[in-house]
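Just below is one structure, and these are the notes that go with it.
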Amino acid sequence: MSEVFNGVIAPVVTPFDSQGELAVETIADSVEFTLECGCHGIVAAGTGVQETATLTPAERKTVITETIKAVDGRTRVMAGVSYPAQPVVNDLIEHAENEGADGVLAMPPWGVPPSRKANIRYYKHIADQTDLPVLVYNNPAVTVDMAKETILEIAKIDGIDYIKESSRDWDKLAWEFERIQHAGHAEMLSTMDVLLPTLMTGGKGIVISAPLTVPSMQIYEAYEAGDLNTAVELQRTFGTFPPDEADAGLTAVCKAATELAGVDVGPPRQPYDAIGETGREAIDEWMDEMGIPRM
1 MSEVFNGVIA PVVTPFDSQG ELAVETIADS VEFTLECGCH GIVAAGTGVQ
51 ETATLTPAER KTVITETIKA VDGRTRVMAG VSYPAQPVVN DLIEHAENEG
101 ADGVLAMPPW GVPPSRKANI RYYKHIADQT DLPVLVYNNP AVTVDMAKET
151 ILEIAKIDGI DYIKESSRDW DKLAWEFERI QHAGHAEMLS TMDVLLPTLM
201 TGGKGIVISA PLTVPSMQIY EAYEAGDLNT AVELQRTFGT FPPDEADAGL
251 TAVCKAATEL AGVDVGPPRQ PYDAIGETGR EAIDEWMDEM GIPRM
């Protein structure tokens, strides 16, 4: 198993201008904010928070290229290659390799829900297409919630190195840790709500966007240093974020926070909702309390 993408892996928020077009010139600023918040690796155009499903394949390629260029070797970059059409997946994998990505990430296809067999076939194809580390990203918010038995079968495929479980279902996570992580099939990552129990159960980290990477890094470092009391106190942070006033979803929250930090990433791409003024004020207050960097 690869350990290239252990720790806190941060998807970079995708910027759009006032017309909803990809703001290419702001991608580097979004990367800088993400790096300033701290992480062990970066994701380009691959997750739900990054609005991946709203991007065209050409836009995905641009984001991958500009992200790798902006990172400039300071950390590892994983490129998103998910798509409901296999030829586009192939094209994205080839582009990621040519641009120098260190790994690829794939959610299940979105749109028509794929069957169990289709998902297994999809991930086997991706693993066969590249020698880069592959992260399987189970994200029920964007596509199907794959059953744990399906994820286990996928984890057994040669070339599958990581599983990111976003469901927040602890029974499911515990089952997967035993049969995937501890059985030696793939490294397990989860999300912010269950970061500390993930580490305590042998998981290797999380995938989460800035500024949530700030407390995530603190939890990870406290746990690695054996300071469980501090890690527990920091884990409670996620009980207060997102604030109750910010109820438009994690994408909108992370974009609002990035803007409040000084990076003009714009609101979520239409037709999705942005955070209102009351929510932005609550996010800003949380950022001050947590010492989130301002650009």
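Those letters in the sequence shown? Residues 1 to 295, per UniProt numbering, in order.
In this text, a Cβ means the ideal position worked out from N, Cα and C, and glycines have one as well.
On a predicted model such as this, the values are computed, not experimentally measured, just so you know.
T230 and D193 have their C-alpha atoms some 16 Å from each other. Burial of N119 is indicated by the presence of at least 16 other C-beta atoms within 10 angstroms of its C-beta. Scanning its chain for C-beta atoms nearer than 6 Å, with the 5 sequence neighbours on each side dropped, one finds no residue around R121. For Q218, the closest of D161, I292, N90 and V88 by C-alpha to C-alpha distance is I292. N139 sits buried, since 16 or more C-beta atoms from the chains shown fall within 10 Å of its C-beta. Spanning the alpha carbons of V253 and R269 requires a straight line of approximately 13 Å. In the DSSP assignment, N138 falls outside any alpha helix (DSSP H) and lies within the beta strand (DSSP E) extending over V134 to N138. Ranked by Cα distance from T67, the first of Q50, R76 and A28 is A28. The criterion of a C-beta distance shorter than 8 Å is satisfied by Y137 and T47.
Exposed is the label assigned to E178, since fewer than 16 other Cβ atoms lie within 10 Å of its Cβ. For Y223, the enclosing alpha helix (DSSP H) starts and ends at T213 to E224. By the beta-carbon neighbour count (other beta carbons within 10 angstroms, threshold 16), E149 is exposed.
Burial is judged here by how many other beta carbons sit within 10 angstroms of a residue's own beta carbon; K117 has fewer than 16 and is exposed. Leaving aside the five residues that flank M107 on each side, the residues in its chain whose CB is nearer than 7 Å to its CB run, in chain order, S82, Y137, N139, V142 and T143.
In this chain, the beta strand (DSSP E) harbouring I42 covers G41 to A44.
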